[in-house]
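Notes follow the structure.
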Amino acid sequence: MRDTTMQGEGTSPLSGRPVGMTSTIDLLDRFKQGDQEAVSLLVERSIPPLKRWARGRLPQWARSLAETQDLVQNAVLRALPHLKTFEARHPGALQAYLRQAVDNHIKDEIRKVRARPAAESLSEEQEDQGPSPLELAIGREGLERYEAALAKLRPIDQEAIIARCELQQSYDEIAIALGKPSADAARMAVVRAIRNLLKAMSDGSGPP
Amino acid sequence: MPGESDDLEKLVESVADGESIDWDELERAAPNEESRQIVRHLRLVAEVADVHRSQVDNGALAEDAAVTAAAESIDSGLPAIPGAQGQRRVWPRIGSDPLPGNEGVWGHLLLVRKIGEGSFGEVYQAHDTWLDHPVALKLLKREAEARVQPSQLLHEARKLARVRHVNVVTVHGADRHNGRVGFWMDYIDGETLASMVSKGRLSAGEAVSVGQEVCRALAAVHQAKLIHRDVKAQNVMRAFDGGRIILMDFGAGEFVGDRSLGGRAQGTPLYLAPELLRGADATVRSDIYAVGVLMYHLVTGRFPVEAPSQAALVEAHARGERRRLRDERADLPDSFIAIVERAIDPNPERRYGSAGEMEAKLSGEPATRPVPVPLSSRSPGPTIGDYAKRATAVAAVVVALTGVLGFIAARAFEVVLRIDSEFALGLTGILVLGAQALLPFAMYWVLAAAFVGVLSGLRLLLPRRLMATPRRALASLASVNAPGMATIIFLSGATLALTLTWRYWEVFSVLWALRQDPLLPSAALSILNPASRPVHADYGMYSALLSFFLGLAVWRWFPSLEKRAEDGSALRPMKWGTIAIAFLVVAMAVAPRRAVWESFTIASFEKRPALVIGTAGEYYLLYAPDESNRPRFRVSKKDADAMNLQLTAETRALFEREP
Numbered sequence: 006m007r008d009t010t011m012q013g014e015g016t017s018p019l020s021g022r023p024v025g026m027t028s029t030i031d032l033l034d035r036f037k038q039g040d041q042e043a044v045s046l047l048v049e050r051s052i053p054p055l056k057r058w059a060r061g062r063l064p065q066w067a068r069s070l071a072e073t074q075d076l077v078q079n080a081v082l083r084a085l086p087h088l089k090t091f092e093a094r095h096p097g098a099l100q101a102y103l104r105q106a107v108d109n110h111i112k113d114e115i116r117k118v119r120a121r122p123a124a125e126s127l128s129e130e131q132e133d134q135g136p137s138p139l140e141l142a143i144g145r146e147g148l149e150r151y152e153a154a155l156a157k158l159r160p161i162d163q164e165a166i167i168a169r170c171e172l173q174q175s176y177d178e179i180a181i182a183l184g185k186p187s188a189d190a191a192r193m194a195v196v197r198a199i200r201n202l203l204k205a206m207s208d209g210s211g212p213p
Numbered sequence: 002m003p004g005e006s007d008d009l010e011k012l013v014e015s016v017a018d019g020e021s022i023d024w025d026e027l028e029r030a031a032p033n034e035e036s037r038q039i040v041r042h043l044r045l046v047a048e049v050a051d052v053h054r055s056q057v058d059n060g061a062l063a064e065d066a067a068v069t070a071a072a073e074s075i076d077s078g079l080p081a082i083p084g085a086q087g088q089r090r091v092w093p094r095i096g097s098d099p100l101p102g103n104e105g106v107w108g109h110l111l112l113v114r115k116i117g118e119g120s121f122g123e124v125y126q127a128h129d130t131w132l133d134h135p136v137a138l139k140l141l142k143r144e145a146e147a148r149v150q151p152s153q154l155l156h157e158a159r160k161l162a163r164v165r166h167v168n169v170v171t172v173h174g175a176d177r178h179n180g181r182v183g184f185w186m187d188y189i190d191g192e193t194l195a196s197m198v199s200k201g202r203l204s205a206g207e208a209v210s211v212g213q214e215v216c217r218a219l220a221a222v223h224q225a226k227l228i229h230r231d232v233k234a235q236n237v238m239r240a241f242d243g244g245r246i247i248l249m250d251f252g253a254g255e256f257v258g259d260r261s262l263g264g265r266a267q268g269t270p271l272y273l274a275p276e277l278l279r280g281a282d283a284t285v286r287s288d289i290y291a292v293g294v295l296m297y298h299l300v301t302g303r304f305p306v307e308a309p310s311q312a313a314l315v316e317a318h319a320r321g322e323r324r325r326l327r328d329e330r331a332d333l334p335d336s337f338i339a340i341v342e343r344a345i346d347p348n349p350e351r352r353y354g355s356a357g358e359m360e361a362k363l364s365g366e367p368a369t370r371p372v373p374v375p376l377s378s379r380s381p382g383p384t385i386g387d388y389a390k391r392a393t394a395v396a397a398v399v400v401a402l403t404g405v406l407g408f409i410a411a412r413a414f415e416v417v418l419r420i421d422s423e424f425a426l427g428l429t430g431i432l433v434l435g436a437q438a439l440l441p442f443a444m445y446w447v448l449a450a451a452f453v454g455v456l457s458g459l460r461l462l463l464p465r466r467l468m469a470t471p472r473r474a475l476a477s478l479a480s481v482n483a484p485g486m487a488t489i490i491f492l493s494g495a496t497l498a499l500t501l502t503w504r505y506w507e508v509f510s511v512l513w514a515l516r517q518d519p520l521l522p523s524a525a526l527s528i529l530n531p532a533s534r535p536v537h538a539d540y541g542m543y544s545a546l547l548s549f550f551l552g553l554a555v556w557r558w559f560p561s562l563e564k565r566a567e568d569g570s571a572l573r574p575m576k577w578g579t580i581a582i583a584f585l586v587v588a589m590a591v592a593p594r595r596a597v598w599e600s601f602t603i604a605s606f607e608k609r610p611a612l613v614i615g616t617a618g619e620y621y622l623l624y625a626p627d628e629s630n631r632p633r634f635r636v637s638k639k640d641a642d643a644m645n646l647q648l649t650a651e652t653r654a655l656f657e658r659e660p
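If you're matching them up, the sequences are chains E and P in order.
So the number in the numbering used here is just where the residue sits in the first sequence, counting from 1, plus 5.
So the number in the numbering used here is just where the residue sits in the second sequence, counting from 1, plus 1.
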């Protein structure tokens with residue numbers, strides 16, 4: 006399944022790239038200068054793909070639409086103050102950063118729920134503390150191995166893998182996100198990143 | 002095969018492209034363990050991608066396809082990136098449901114995203130196209146229309162419109178469009194207190210700051226003859242810009258005496274006052290109860306009464322069960338705990354009678370004086386001007402203290418040696434002397450402060466319950482008999498000061514004796530000899546430490562005792578007495594300074610050794626401590642040669658034995 010769709014309407018007349026993605030960096034700059042509207046737009050852009058991503062990471066109890074929405078939104082809002090000092094080379098870096106923020110937040114939430122006595126809160130539903138779909142599919146060890154290897158990669162490789170494998174972006178989107186000249190170049194970047202990931206996994210562990 | 006680089010490359014490309022692969026077959030065909038391991042790792046990556054792809058396929062894409070012309074017009078700079086199918090795709094909005102109405106438009110408002118949802122209403126961030134600014138729009142849910150009258154939403158809007166206050170969300174208008182009733186209000190760019198608490202408990206100072214603003218908001222609400230009835234962490238927001246606290250959601254509110262919403266308990270059970278759970282009417286005091294629960298929740302993350310169901314909650318209240326705030330946070334100031342516990346008292350008569358009364362209590366508590374709330378707010382810190390004022394005040398205190406200590410040391414010396422006033426030390430000399438006297442004290446004060454700081458830090462490492470018992474005992478004792486505690490502090494200080502004076506009495510007795518009898522034998526002056534300096538150093542150290550702890554008592558303990566005492570002013574004599582003791586301790590330690598520590602120029606006067614102990618205009622004042630009659634000579638500088646006076650470059654202490 007190759008989806009190297011040509012860029013169509015909605016592209017910048019100067020760069021030939023879709024203006025939506027390129028202006029994410031502009032938004033980040035505006036946000037750093039204190040533009041409140043930029044905050045809203047950044048959040049608006051970041052949340053949907055992260056929400057899709059988060060569903061695979063959340064245990065059953067937190068997978069309802071509203072819960073996912075809250076978790077992702079809270080994580081992004083928590084991360085916002087740190088973006089003041091965040092230097093994004095391209096939109097993919099911001100994407101990867103926010104993905105990490107959401108991941109941390111999810112882990113915090115799960116930890117909190119596990120530590121809480123069951124019958125303590127009236128307003129909270131009884132929670133199934135089972136594994137996330139991703140844990141179900143590849144097991145906790147597999148997930149940990151994947152995460153550990155991913156963390157060892159160069160940022161550009163991490164961003165390529167997150168964009169393609171986790172956020173399920175097309176090569177066109179990845180080209181914009183990673184600042185690549187074309188969808189083919191983005192595809193090569195993803196392939197190279199996966200190769201490096203394999204090497205990191207092989208270096209870091211015994212049999213999977 | 003995966004072991005060979007070309008095959009591996011193709012396999013990696015297939016994974017990247019999301020193609021279907023028969024992993025079992027591939028693993029079976031792998032020629033060796035190394036190849037099999039690579040296949041397994043690659044399979045792991047493919048499965049990660051599959052799981053995330055399945056999440057997208059499970060309807061999430063459809064959700065994101067809720068694209069409206071409204072969003073494009075609001076955000077004309079960002080949309081439109083080509084999607085997988087080559088269609089124009091606009092960045093999706095946050096809302097989980099398709100936007101209501103016609104293409105996300107409701108009257109003159111363009112809906113941006115859903116930001117909240119309740120049982121019968123939903124709130125959107127919207128853009129007011131007439132006034133060109135963001136607003137929040139509350140709409141009645143379509144599915145709720147069967148059970149909720151649209152007028153109920155308008156009722157809430159009317160209630161909100163009656164209250165104009167900086168800490169209450171402002172409603173701008175209400176209308177019906179596309180068959181849906183709604184009203185729009187300020188869009189607050191911030192976070193709810195619930196969200197703040199989810200990141201960690203607040204400090205007492207932060208909670209006081211929040212509580213004050215909530216009380217001010219409630220005072221305005223009550224003044225408008227309204228009872229809010231649903232004060233809770235989810236309904237209070239803190240604006241990112243400036244940290245303002247805003248009370249929201251008047252859906253459960255009612256006019257005082259109005260029973261149109263029925264007598265049943267409304268609001269969130271954990272925040273409901275026990276009398277409401279028993280069926281009583283909502284009152285100002287039930288709102289106060291909710292503020293108390295809110296503050297309890299902010300500092301603990303929990304609630305004073307918790308239960309798994311509403312029925313169990315009612316029973317828990319009936320049994321008088323309540324988790325004391327002290328047991329949850331033993332480190333909180335007593336005054337803060339007292340305020341919260343009073344607000345959540347099960348007996349409404351014992352609670353604060355009004356939001357204003359509670360706000361005043363929160364404002365008037367030095368121990369819980371509000372501090373700027375950090376987190377995501379951007380409230381301005383101290384300005385350069387503030388720092389300059391503080392620095393000036395500190396400098397003034399240091400200069401004053403230096404002058405006073407210098408004056409005491411200088412006068413003591415002059416009195417003991419009967420020096421005429423014309424040879425008294427000038428202002429510069431006094432300040433220099435004061436600085437020399439102050440320096441060792443300052444050093445010990447800093448060390449003592451550091452020691453106290455470390456002790457405080459270590460205290461945090463101890464189990465809370467271990468600290469809670471002595472703290473409670475002390476707090477209880479202080480509450481029962483604050484004047485007694487103040488007297489104990491004063492008497493302890495006085496006793497230690499007397500002990501210190503008694504221990505080093507020889508210093509003062511010798512100085513006094515010398516004043517009385519200038520011919521005192523040198524052997525009797527050994528305590529003033531430089532060889533005795535270690536004794537004076539010890540005396541200085543003990544004096545510095547005692548004065549530090551007496552100062553600490555005045556600064557930290559007396560205010561707390563004054564608050565607990567029935568008549569705080571009755572404790573003032575003890576406080577000023579303690580201050581006087583601290584001052585006397587320092588003054589007495591400083592008094593012998595010149596006689597013991599200062600070095601004077603050695604002179605030869607008529608072939609006899611003497612020390613220059615002062616100058617005034619054209620005259621030197623010479624002192625011969627080793628002479629049998631310890632004469633003081635007043636010698637004119639003009640006559641120095643004639644009188645055979647020669648100053649040397651050497652110096653020595655006053656009572657240092659001549660080598």
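Using N, Cα and C, we set each Cβ at its ideal position, and we do this for glycine too.
Can you give the beta carbon distance from residue i to residue j, rounded, assuming they're within the 8 Å contact cut?
i	j	result
residue 109 of chain P	residue 133 of chain P	Contact flag wrong, Cβ pair sits at about 11 Å.
residue 96 of chain E	residue 182 of chain E	5 Å
residue 351 of chain P	residue 343 of chain P	7 Å
residue 111 of chain E	residue 153 of chain E	That belief does not hold up - the Cβ atoms of residue 111 of chain E and residue 153 of chain E are roughly 17 Å apart, past 8 Å.
residue 141 of chain P	residue 127 of chain P	Not really, about 15 Å apart at Cβ, beyond 8 Å.
residue 233 of chain P	residue 295 of chain P	6 Å
residue 215 of chain P	residue 161 of chain P	So it is not a contact: roughly 16 Å between Cβ atoms.
List, in order along the chain, the chain P residues whose C-beta lies closer than 8 Å to that of residue i?
i	result
residue 171 of chain E	49, 50, 53
residue 84 of chain E	What residue 84 of chain E touches in chain P: nothing, since even the nearest Cβ is about 11 Å away.
residue 109 of chain E	Here the premise fails: no neighbours, minimum Cβ distance about 12 Å.
Which residues in chain E sit within 7 Å of residue i, going by Cβ to Cβ distance?
i	result
residue 114 of chain P	49
residue 14 of chain P	196
residue 273 of chain P	Chain E residues near residue 273 of chain P: none, gap ~10 Å exceeds 7 Å.
residue 42 of chain P	203, 206, 207, 213
residue 17 of chain P	169, 192, 195, 196, 199
residue 200 of chain P	83
The alpha helix (DSSP H) with residue i in it runs from where to where?
i	result
residue 196 of chain P	194-200
residue 391 of chain P	385-417
residue 142 of chain E	138-157
In terms of residues, what are the limits of the beta strand (DSSP E) holding residue i?
i	result
residue 651 of chain P	646-654
residue 615 of chain P	609-617
residue 301 of chain P	It is not in any beta strand (DSSP E) - residue 301 of chain P instead sits in the alpha helix (DSSP H) that spans 285-301.
residue 635 of chain P	633-637
residue 624 of chain P	620-624
residue 600 of chain P	600-606
Whose Cβ in chain E lies nearer than 8 Å to the Cβ of residue i?
i	result
residue 36 of chain P	By Cβ distance, chain E contributes nothing, its closest Cβ being about 11 Å from residue 36 of chain P, past 8 Å.
residue 315 of chain P	Result: empty, since nearest Cβ-Cβ is about 11 Å, beyond 8 Å.
Report the neighbours of residue i on chain P: residues whose CB is nearer than 9 Å to its CB, in chain order.
i	result
residue 30 of chain E	Simply none; closest approach about 12 Å.
Does the beta carbon of residue i fall short of 6 Å from some heavy atom of the ligand COA?
i	result
residue 492 of chain P	Absence of the ligand COA is noted for the structure shown, with no ligands found whatsoever.
Within the segment 114-180 of chain P, note down every full beta strand (DSSP E) run reaching 3 residues or more, in order along the chain.
Qualifying beta strand (DSSP E) stretches, in chain order: 122-129, 134-141, 172-178.
Taking only beta carbons into account, state which residues of the segment 149-162 of chain E come closer than 9 Å to chain P, listed in chain order.
Result list: 150, 151, 154.
Which runs of the beta strand (DSSP E) fall wholly inside the segment 488-575 of chain P and span at least 3 residues, in chain order?
Secondary structure remark: continuous beta strand (DSSP E) runs of at least 3 residues inside the segment 488-575 of chain P: none found.
Please name the residues in the segment 180-211 of chain E whose beta-carbon is closer than 8 Å to at least one beta-carbon of chain P, in chain order.
Hits within the stretch, in order: 181, 192, 195, 196, 199, 200, 202, 203, 206, 207.
Using Cβ-Cβ distances below 9 Å, what residues of the segment 119-135 of chain P are close to chain E?
Close to chain E, meaning a Cβ-Cβ distance shorter than 9 Å, are the following residues of the segment 119-135 of chain P: 126, 135.
Contact list for the segment 186-197 of chain P against chain E, Cβ threshold 7 Å:
Listed by position, the residues of the segment 186-197 of chain P near chain E (Cβ gap below 7 Å) are 190, 192, 196.
Mind listing which residues of the segment 421-442 of chain P have their C-beta closer than 7 Å to chain E's C-betas, in chain order?
Taking 7 Å as the Cβ-Cβ cut-off against chain E, none of the residues of the segment 421-442 of chain P qualify.
So within the segment 190-250 of chain P, which uninterrupted beta strand (DSSP E) runs reach at least 3 residues, ignoring any that extend past its ends?
Taking only runs of at least 3 residues, the beta strand (DSSP E) segments lying wholly in the segment 190-250 of chain P are 191-193, 237-240, 246-248.
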